[in-house]
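Top line first, the protein sequences correspond to chains A and B. Each step along the first sequence adds one to the number in UniProt numbering, with nothing skipped, and position 555 is 555. Each step along the second sequence adds one to the number in UniProt numbering, with nothing skipped, and position 93 is 93. Virtual Cβ for every residue (Gly too), placed ideally from N, Cα, C.
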Amino acid sequence: MQFQKLQIYGFGKHRDEVIDFSKGMNILFGNNEAGKTTIYECILQILFGFPQKNHLLRSYEPKNGGNYGGMLSIFDEEFGAYTVERVGGKAGGNVRVQLDRGESGEEELLKKLLHGYGRADLEAIFAFSMHQLQALEKMNEDELNRTLLASGTTGVDQLTLIEKQLLKESNALFKKSGQNPIINKMIKDIQKEELALKVEREKLSKYEPKKQELLQIEQELISVQKQLEKANHNNVQIEQSIKNRPLLNELSSIKSRLQELEEVQFPAKGIQRIEQASTRFKQVEREVERVSKRGEELQLQLKEAVSKEELQQLQNWIGRDEEWREWRAQRERMLASQQSLESKIAMKEQLLGLSRSALKVDSTIANEAQLRKQLDEANFSKQKIEHLQILVSNEATNEENRKSRVQKNKGISNELLIIIIGVIAVIGALVFKQWGVALAIIAMLALVLILNKKNKNDSTSNLNNGESPKRQLRQLKAQYEAQLTEINEQFHRMGITNDIEPEMYTEVFSQVRELQQYVIEQRQLDQQLDSIQQRIAERYEEGTMLLPHQVAESNLSAAIQQYLQDQTLLLNSMQQVQEQLRVNEEQLMPLTDELNELQQEIVALYNAANVEDLEPYYEMANFFEEKVRLQNRLSDLQLTLHDFNDEVEYTEFHLQQNTLALEQLIASQKALQAAHSKLHAEMNHLVTDERYSEMLQAQEQRKSELADLTKDWMRLRLVEEAIQQTLNDLKEDKLPKVMDLTTEFFQYLTGDRYEKIALDEEGFYAQTSMQQQFKIGELSQATREQAYLSLRFALAVEKKVNAPFPLLMDDPFVHFDTLRTAKVVQLLRKLQTNHQIIFFTCQERMKQAFEVKNIIEVEALQTKGD
Amino acid sequence: MTVRFFHTADLHLDSPFKGSYHLPHHVVQQLRESTFQAFEALVTYAVQEKPDFLLIVGDLYDGENRSLTAQYKFIQQLERLNDADIPVFMSYGNHDHLSGTWSRLPLPKNVYEFSKDVSSKSIMIRGQEVVIHGFSYEKRHISEPKIEDYPVKNDESIHIGTLHGSVDTDLEHAVYAPFTVQQLLKKQYDYWALGHIHKHQVLNEQPPVIYSGNIQGRHKNEQGEKGFYDVTIAPDGTTFEFEKTSVIRYESIQLDCAQVEDAMALLKLIDHHFESMREQIGATMVELTLVNCTHEFIQYFHETPLQEWESIIREQQSAFEPFIWLSKVQVLQDRLQFEDHELMQSIIEKIDAFDSKQLKEITADLIKQPKYMQLIEPMNEQHWQELKIDASLQLQRLLTGKVR
């Protein structure tokens with residue numbers, strides 16, 4: 001294909017310019033900064049697109065705005081004429097392709113028209129620049145070979161470049177024995193990290209043993225603690241022992257002293273009490289003395305007085321003074337009575353012709369009752385006789401009256417008689433103090449009375465009963481005779497020897513009775529007199545005894561009285577004194593009591609102190625105090641020495657030893673505790689330390705990255721390999737074709753210095769006309785360039801078949817010398833017959849080298865366009 | 001009597017995340033804590049809801065990684081369950097098997113560990129007897145069908161089977177204590193709690209046979225929601241509900257870039273998508289594939305290295321919380337034909353023609369390095385295929401004149 005025309009709308013500093021191309025060689029001449037490269041770029045960019053923003057390639061978009069782009073008219077053998085117009089728009093510019101034959105399109109069509117070539121492709125084969133040549137200089141054998149290979153095959157320097165790039169990249173990623181490539185480093189890092197992880201894992205696996213160790217340490221700590229306690233205890237004991245030595249000594253001395261003082265006793269508050277007691281004792285003593293003295297004084301006052309009993313007796317006697325007088329009076333009376341009675345008796349004796357002695361008073365009295373009864377009965381019988389006689393004689397009328405009157409009278413008189421006798425008897429009995437007799441008499445009286453009444457009733461009833469009164473009368477008379485007999489009997493018994501007329505019975509009886517009574521009276525009186533006399537005598541005796549001297553009876557009373565008075569007074573005053581003495585005594589008693597008590601107390605105190613006197617008492621107090629003090633000290637000491645057994649006598653040496661052991665134990669305890677804490681912290685750290693998992697995660701990330709990098713590297717390698725293989729194929733296949741042409745060009749360019757350039761297993765080599773073979777690396781820069789150019793040209797020519805692009809040459813031969821320039825120019829002249837060449841240069845000589853119609857002055861373009 | 005429990009497995013506490021790197025520190029932190037946070041969320045939910053017990057079916061952590069902190073934090077959570085009186089029945093799987101020599105921290109008393117032989121543990125729940133069957137992995141690989149050791153249910157109690165292993169017919173995963181669903185159903189249990197497969201799935205509805213999956217995805221192949229199952233066994237049937245726990249999700253999304261011409265448009269589109277992802281999903285590790293791109297855009301895109309694109313996008317998204325981390329961005333592009341470009345064509349053909357053997361040779365320098373072999377998983381067929389495609393795409397980019 002050929003470029004026909006380039007229309008620049010706006011590109012770099014070119015604006016509205018048109019360049020017409022001709023076949024064959026086209027020289028675009030311009031100085032530096034004329035814009036040659038710009039046009040070059042313009043062509044390529046129209047064809048292949050504007051660079052994207054931020055692209056490595058520089059953009060030629062006009063800074064002033066305005067149109068951007070241009071149009072290239074091309075003629076292609078296959079496709080015919082067409083235009084490619086690209087203007088600014090979206091990213092790579094908007095392109096429009098228009099074929100003369102009608103089709104139009106955009107990128108797709110363009111690509112097709114360009115035979116699928118990209119810019120790089122095209123540039124690789126059809127573009128020549130100085131840089132490419134210069135680059136050869138730096139290349140080594142290998143690179144040269146590759147370059148040449150590339151140049152000679154696909155012309156895909158691009159491919160080589162790509163391959164180079166890929167190799168660079170893949171080497172940057174990984175080299176088999178490399179140190180720096182990323183993957184190598186990463187592998188090393190990962191391995192290093194693996195070791196670190198292993199270390200960490202080791203640390204973590206220590207957890208279990210650490211746990212065991214911890215338990216063990218705890219056990220040991222317990223045992224050390226025990227030992228420590230024991231050692232401490234020992235220490236304490238030893239120290240105590242040492243400390244206590246003197247105390248022990250003191251203890252034993254105290255003990256022995258206490259032994260001495262064992263007997264020492266002392267009452268509580270002894271001193272106080274003794275002093276109190278003593279003081280009080282003295283006080284009381286003084287008091288006692290005083291009182292005693294007083295008592296003595298009083299005592300002195302005491303005169304002998306009669307005793308109280310005597311006084312009492314005197315009083316007693318005087319108290320009975322009336323009685324005494326009475327008695328004396330009675331005696332007189334009695335004596336008088338005696339006399340009278342004597343006379344009475346005598347009278348009676350006379351009367352009766354009975355001596356008193358003959359009278360059996362006693363039996364009389366005894367029989368009295370009987371006699372009386374008989375008398376009564378006789379009387380009664382008599383009465384009854386009379387009665388009956390009356391009755392017989394006088395039957396009716398005054399019976400009841402008389403009876404009743406008689407009875408009454410009799411009754412009354414009987415009863416009265418009984419009563420009087422009874423009363424007298426009772427009195428008599430009473431006088432003789434015969435109570436029983438009195439009672440009996442009363443009882444008898446009663447009985448008799450009752451019987452009497454009964455008899456009366458009986459007799460009354462008898463009378464009323466109606467027995468024949470005569471019979472009755474006879475009976476009665478008999479009865480009466482008997483009775484009279486009996487009565488006489490009685491009188492006889494009484495001592496009355498004379499017979500007595502029944503009518504005189506009563507009278508006799510009463511006389512007898514009276515006599516009896518007088519006798520009895522006399523007797524009584526005698527007795528009474530006796531008794532009175534006796535009494536008087538007794539009393540007299542009693543009285544005189546009381547008196548200090550004898551006194552006549554008649555004065556006794558007075559004497560006693562007087563004596564009594566005197567004595568009473570005396571007694572009173574003595575009583576007073578006594579009273580005082582008593583009071584004194586009363587005073588004295590408590591005092592003496594108290595004194596005694598005090599004495600006792602003091603004695604007790606002394607006893608309590610086992611002493612007998614005050615001096616020793618005080619001594620004892622001291623001893624006791626000492627004793628108490630010692631005892632207190634003893635108990636203090638004992639308390640202090642309580643747990644202490646002084647079996648073993650410890651010394652300072654022991655203390656030292658033990659202290660040392662103690663220190664060691666403490667040290668080991670500290671160490672164990674430190675170890676424990678450390679272990680515990682370590683274990684804690686292990687379970688809470690995130691480091692390991694962080695490291696694991698980081699490692700995993702590294703591995704992921706490694707995997708990706710590996711993929712990248714592998715991909716590169718694949719491509720590399722594929723390219724390599726392709727290149728090799730090409731080498732095998734395509735290259736030979738090119739080599740012939742290359743040799744031809746090479747020969748020409750080197751002026752036949754070299755006759756051949758070829759490729760063998762080792763690479764490219766050049767053979768001189770002298771048959772010397774030089775490896776491509778051995779060639780000089782100039783020759784390298786010639787070899788390179790030869791290849792490139794050969795390839796370009798070869799390619800014309802498939803892709804007949806014009807050659808674009810950007811002043812590649814600037815550094816060639818004249819000769820070489822000439823040579824290459826000649827070659828170009830040859831080539832231009834078949835190939836369009838667009839040659840950018842700033843060299844005059846190049847301009848002049850070609851008699852070419854088409855020399856485009858680049859600088860002139862602008863003006864032309866205006 | 002209803003019995004309610006939680007079924008979870010494959011906690012993989014503290015095992016590292018694969019596939020991402022050059023992550024900023026806070027992302028790494030969050031990734032590292034995500035499994036713990038997920039488990040903590042589970043426990044918090046349990047403390048709140050008070051289920052009758054919790055089942056953990058294997059792979060609690062990667063014992064081989066010896067993580068004490070994992071155990072420590074795990075135990076802290078177990079203590080919380082202990083304080084709430086919730087018993088835990090757990091078994092060990094292939095990653096935390098019983099033969100490992102790592103230190104084991106003591107567990108609180110509400111935890112029951114299954115031993116290496118299949119055994120049954122019975123508890124009374126409000127008068128209802130519940131029997132749980134299970135076993136722990138004695139060693140890393142167990143190829144015997146342990147299912148045969150499970151007893152058949154023959155009483156009125158509730159029977160629950162736990163098994164960490166893989167379905168016999170599943171070739172994708174390595175064969176671990178293999179079983180078939182039929183074998184499970186034959187035991188007549190009321191529920192099968194499975195573990196080992198990280199993708200949660202229901203193999204059978206009634207009675208339920210369920211993989212609870214793991215509670216937090218750990219790399220891009222574990223995408224989507226992760227969590228556990230909340231199960232209630234009632235006299236009239238068993239119901240189960242999936243509860244989400246994952247703190248960070250892995251996702252792959254495709255962006256339609258038909259309207260995208262330049263960086264700004266792309267960034268805007270990405271931002272829009274990420275924003276809605278933040279709202280709907282939360283923290284995400286995302287792989288972007290740009291599809292439906294125009295040629296121009298593809299070329300434009302390839303002018304800038306991928307790392308730079310990634311860097312720009314990440315920078316733009318870095319200010320937002322929760323984070324969306326772009327782990328990879330790529331353009332889906334077709335392979336070009338270089339009909340007119342025989343050279344290119346032939347190179348591509350060459351690439352295509354490589355077989356595994358050749359590939360291994362080509363890459364021998366690296367993959368045969370003994371140091372290397374320990375670190376990276378070996379390539380399989382699929383990987384080689386992908387590699388070849390990538391290589392030809394790369395070549396394409398190179399040959400179309402743009403810088404890679």
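Consider the Cβ of B:Q259: report whether some Cβ of chain A lies at a distance smaller than 8 Å. No Cβ of chain A is located within less than 8 Å of the beta carbon of B:Q259.
Which parts of the segment 307 to 392 of chain B are runs of the beta strand (DSSP E), unbroken and 3 residues or longer, counting only runs that do not cross its ends? As far as the segment 307 to 392 of chain B is concerned, its whole beta strand (DSSP E) runs of at least 3 residues are 324 to 331.
Identify, in the order they occur along the chain, each residue of the same chain with its Cβ nearer than 7 Å to the Cβ of B:V43, setting aside the five sequence neighbours on each side. Correct list, in chain order: Q77, R80, L81.
On the DSSP letters alone, give me the boundaries of the beta strand (DSSP E) that B:N204 sits inside. Taken as a continuous stretch (DSSP letters only), the beta strand (DSSP E) holding B:N204 covers 201 to 204.
8 Å contact criterion, which B:V231 and B:H7 should meet: CB distance rounded: About 6 Å; that satisfies the 8 Å criterion.
Any beta carbon of chain B sitting closer than 8 Å to that of A:V719? So yes, A:V719 belongs to the interface.
Tell me whether the beta-carbon of B:F135 lies closer than 8 Å to the beta-carbon of B:V118. Yes, these two residues count as a Cβ contact at 8 Å.
Grouping DSSP H, G and I as helix and E and B as strand, with all else coil, what is A:N854? Three-state result, A:N854: coil.
Quick check on A:Q216 - is its C-beta less than 8 Å from some C-beta in chain B? At a cut-off of 8 Å between C-beta atoms, A:Q216 does not count as an interface residue with respect to chain B.
Identify the contact partners of A:K711 in chain B, using a Cβ-Cβ distance below 8 Å as the criterion. Within 8 Å Cβ-Cβ: L387, D390.
Flag this pair as yes or no: are the beta carbons of residue 867 of chain A and A:I837 separated by less than 8 Å? Given that chain A is displayed from residue 1 to residue 866, the structure contains no residue 867 of chain A and the question cannot be resolved.
Just to confirm, are residue 867 of chain A and A:L302 a CB contact at a threshold of 8 Å? With chain A covering 1 to 866 only, the question about residue 867 of chain A has no answer from this structure.
How would you label A:R715, buried or exposed, when you count the other beta carbons within 10 angstroms and need 16 or more for buried? Per the 10 Å Cβ criterion, buried.
Can you have a look at A:T743 and say buried or exposed, based on whether 16 or more other CB atoms are within 10 angstroms of its CB? Around the beta carbon of A:T743, a 10 Å sphere encloses 16 or more other beta carbons of the protein chains shown; the residue is thus reported as buried.
If I follow the unbroken alpha helix (DSSP H) through B:E144, where does it start and stop? It is not in any alpha helix (DSSP H) - B:E144 carries neither H nor E in the DSSP assignment.
Proximal residues of chain A, C-beta to C-beta of B:L266 below 7 Å: At a C-beta separation below 7 Å, B:L266 has no neighbours in chain A, since its nearest C-beta there lies roughly 13 Å away.
Any C-beta of chain B under 8 Å from that of A:M130: No, A:M130 lies away from the interface with chain B (no Cβ there is under 8 Å from its Cβ).
For B:I142, collect the residues of the same chain with a Cβ closer than 8 Å to its Cβ; drop the 5 residues on either side in sequence, then sort them by chain order. Answer for B:I142: N94, G165, Y176, A177, listed in chain order.
In the DSSP assignment, the beta strand (DSSP E) including A:K5 goes from what residue to what residue? For A:K5, the enclosing beta strand (DSSP E) covers residues 2 to 11.
Relative to the alpha-carbon of B:P208, which residue among B:P24, B:I233, B:A353, B:D149 has its alpha-carbon at the smallest distance? When each option's Cα is compared against that of B:P208, the closest is B:I233.
Report the partner residues of B:E113 according to the DSSP bridge assignment. As a beta-bridge residue in DSSP terms, B:E113 pairs with B:M90.
Rounded distance between the beta-carbons of A:L166 and A:E720, thought under 8 Å: About 5 Å separates the CB atoms of A:E720 and A:L166; that is less than 8 Å, so the two are in contact.
Using three-state DSSP, classify A:Y60 as helix, strand or coil. If DSSP states are grouped into helix, strand and coil, A:Y60 belongs with coil.
Using a Cβ-Cβ cutoff of less than 8 Å, which residues in the same chain neighbour B:L107 once the five nearest sequence positions on both sides are dropped? Hits under 8 Å: I75, L78, E113.
List the residues of chain B whose Cβ lies closer than 7 Å to the Cβ of A:T688, in chain order. Going along chain B in sequence order, the residues near A:T688 (Cβ under 7 Å) are T69, Y72.
Within a Cβ cutoff of 6 Å, which residues of the same chain sit near A:V18, ignoring the five residues on either side of it in sequence? Q7, listed in sequence order.
For A:I187 versus B:Y300, is the C-beta distance shorter than 8 Å? Taking 8 Å as the Cβ cut-off, A:I187 and B:Y300 do not qualify as a contacting pair.
I want to see whether chain B comes within less than 8 Å of A:F174, judged by CB atoms only; does it? At a cut-off of 8 Å, the C-beta of A:F174 has a neighbouring C-beta in chain B.
Should the segment 3 to 19 of chain B be called in touch with the segment 669 to 685 of chain A, which here means at least 3 C-beta pairs below 8 Å? They do not touch, by the three-pair rule.
Measure the alpha-carbon distance for B:A283 versus B:I324 and round it to whole angstroms. If you take the alpha carbons of B:A283 and B:I324, they lie about 6 Å apart.
Sequence-distant residues of its chain with Cβ nearer than 8 Å to B:L395 (five each side left out): So the list reads M344, I347, I348, I351, once near-sequence residues are dropped.
A:G295 lies in the alpha helix (DSSP H); which residues open and close that run? Note, A:G295: alpha helix (DSSP H), 270 to 301.
Looking only at its own chain, which residues have a Cβ that is under 7 Å from the Cβ of A:V551, when we skip the five neighbours before and after it? Taken in chain order, the residues that qualify are T544, A559.
6 Å Cβ shell around A:N462 - same chain, five flanking residues per side excluded: Unreliable positioning characterises A:N462 in this predicted model, as indicated by a pLDDT of 49, which lies under 50. The coordinate reading is nonetheless provided below. In its own chain, leaving out the 5 sequence neighbours on each side, no residue places its CB closer than 6 Å to the CB of A:N462.
Under 7 Å from the C-beta of B:D14: neighbouring residues of chain A: Annotation: Cβ neighbours of B:D14 in chain A (cutoff 7 Å, chain order): S693.
Just to confirm my understanding: we take residue 408 of chain B, look at its own chain, exclude 5 residues before and 5 after, and list those with CB closer than 6 Å. What are they? Here chain B has residues from 1 to 404 only, and residue 408 of chain B is not among them.
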